[in-house]
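Chemist:
In the numbering used here, the protein residues as written are 8 to 250.
(1) Of all the options 126, 67, 35, 43, which has the alpha carbon lying nearest to the alpha carbon of residue 180?
(2) Once DSSP output is grouped into helix, strand and coil, what is the label at residue 143?
(3) Within the same chain, show all residues whose beta-carbon is closer than 8 Å to that of residue 210, passing over the 5 residues directly before and after it, in chain order.
(4) In chain order, what are the residue ranges of uninterrupted beta strand (DSSP E) at least 3 long that sit wholly in the region 31–72?
(5) Can you list, in chain order, the stretches of the alpha helix (DSSP H) that have 4 or more residues and sit fully within the region 175–211?
(6) On the three-pair Cβ rule with 8 Å, is the region 196–203 touching the region 140–157?
(7) Got a sec? Which residues, its chain only, sit under 7 Å from residue 60 by beta carbon, not counting five neighbours each side?
(8) Going by DSSP, what residue range makes up the beta strand (DSSP E) through residue 14?
(9) Bridge partners for residue 80 per DSSP, in chain order?
(10) Would you mind sorting residue 72 into buried or exposed? The rule is 16 or more other CB atoms within 10 Å of its CB.
(11) Return the chain-ordered list of same chain residues with a C-beta closer than 7 Å to the C-beta of residue 230, the five sequence neighbours on each side being excluded.
(12) Which term fits residue 147, buried or exposed, when burial requires 16 or more other beta carbons within 10 angstroms of its beta carbon?
(13) What is the residue span of the beta strand (DSSP E) that residue 241 lies within?
(14) Return helix, strand or coil for residue 167, following the three-state DSSP convention.
(15) So residue 111 is in the alpha helix (DSSP H); what residue range does that whole segment cover?
(16) Under the three-state reduction of DSSP, which class applies to residue 24: helix, strand or coil?
(17) Could you check whether residue 184 and residue 122 sit closer than 8 Å to each other, using their CB atoms as the reference points?
(18) Name the residue from 239, 207, 76, 14 whose alpha carbon lies nearest to the alpha carbon of residue 170.
(19) Do residue 138 and residue 190 count as a contact pair if the criterion is CB distance below 8 Å?
(20) Is there contact between the region 92–104 and the region 40–57, where contact requires at least three CB pairs shorter than 8 Å?
(21) What's the C-alpha gap between residue 35 and residue 132?
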């Protein structure tokens, strides 16, 4: 499915990133993990800070030198400030500006920087990891009884990325470069029990998602099996947005 393809995955050490890398490898590709730090040194691990354009440019050059052609990108990294999750009315302007810059602008910069590499192979695919909360509003009732506070910046960023992906798909489709999104629903990560129970009561499939539920959809959009799909937001949410 992905044989012979070198795919950059930003934030490959994270909860979703690890499984995305594993799935790419299982399907014959090579996952090049761009992350800010690594617990081990391997030839597929690259030190890369997506909030630093020079760091990303250097890592892209190193990846091409080591592996040759680059065939795709998964924008998955999740940088955020220490006050992430602060209540909306308590947020500072600086926090909002920084998080939009770190998350949305860094994704768009990655898309810009990858284009010259994909032009060399006359195609390629980019997958931007977004969210159901870039599509629908939050159900705040599922947070009752917890200290969890959904960040407004998250919804703004993910919604913006979905439409920016459509822009890029429209602009570069004639070159055979495809841009799509994957929007996961809630992913189990040992959250507060009240939240898990409320979420699973509402979602039609009656369970939270797992990274293994999400990663195959990413691999599909990177592969030739989706060669006529671009500008699409693939929602993988157990039916959350269907109701």
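Note that CB positions come from ideal geometry on N, CA and C, so glycine has one too.
Modeler: This is what the structure gives:
(1) Restricting attention to 126, 67, 35, 43, the CA atom closest to the CA of residue 180 is found in 126.
(2) If DSSP states are grouped into helix, strand and coil, residue 143 belongs with coil.
(3) These residues qualify, in order along the chain: 192, 193, 244, 245, 246, 247.
(4) As summarised for the region 31–72, the continuous beta strand (DSSP E) elements at least 3 residues long and confined to that stretch are 37–42, 52–54, given in chain order.
(5) If we require 4 residues or more, the alpha helix (DSSP H) runs fully inside the region 175–211 come out as 200–209.
(6) Between the region 196–203 and the region 140–157 there are three or more inter-stretch CB-CB distances shorter than 8 Å, so the stretches are counted as touching.
(7) Around residue 60: 116.
(8) Looking at the DSSP string, the run of the beta strand (DSSP E) that includes residue 14 is 13–17.
(9) Note: residue 80 sits in a beta bridge opposite 15, 133.
(10) Under the 10 Å beta carbon count, residue 72 is surrounded by fewer than 16 other beta carbons and is classified as exposed.
(11) Within the same chain, residue 230 has close Cβ partners 8, 9.
(12) By the neighbour-count criterion, in which a residue is buried when 16 or more other Cβ atoms sit within 10 angstroms of its Cβ, residue 147 is exposed.
(13) Per DSSP, residue 241 is one residue of the beta strand (DSSP E) stretching across 240–243.
(14) Correct three-state label for residue 167: helix.
(15) Element bounds for residue 111: n/a, residue is neither H nor E.
(16) Residue 24 falls in the helix class under three-state DSSP.
(17) At a Cβ-Cβ threshold of 8 Å, residue 122 and residue 184 count as neighbours.
(18) It is 239 whose Cα lies nearest to the Cα of residue 170.
(19) Going by C-beta atoms, residue 190 is nearer than 8 Å to residue 138.
(20) No, because fewer than three Cβ pairs between the region 92–104 and the region 40–57 fall closer than 8 Å, the two stretches do not touch.
(21) C-alpha separation (whole angstroms): 16 Å.
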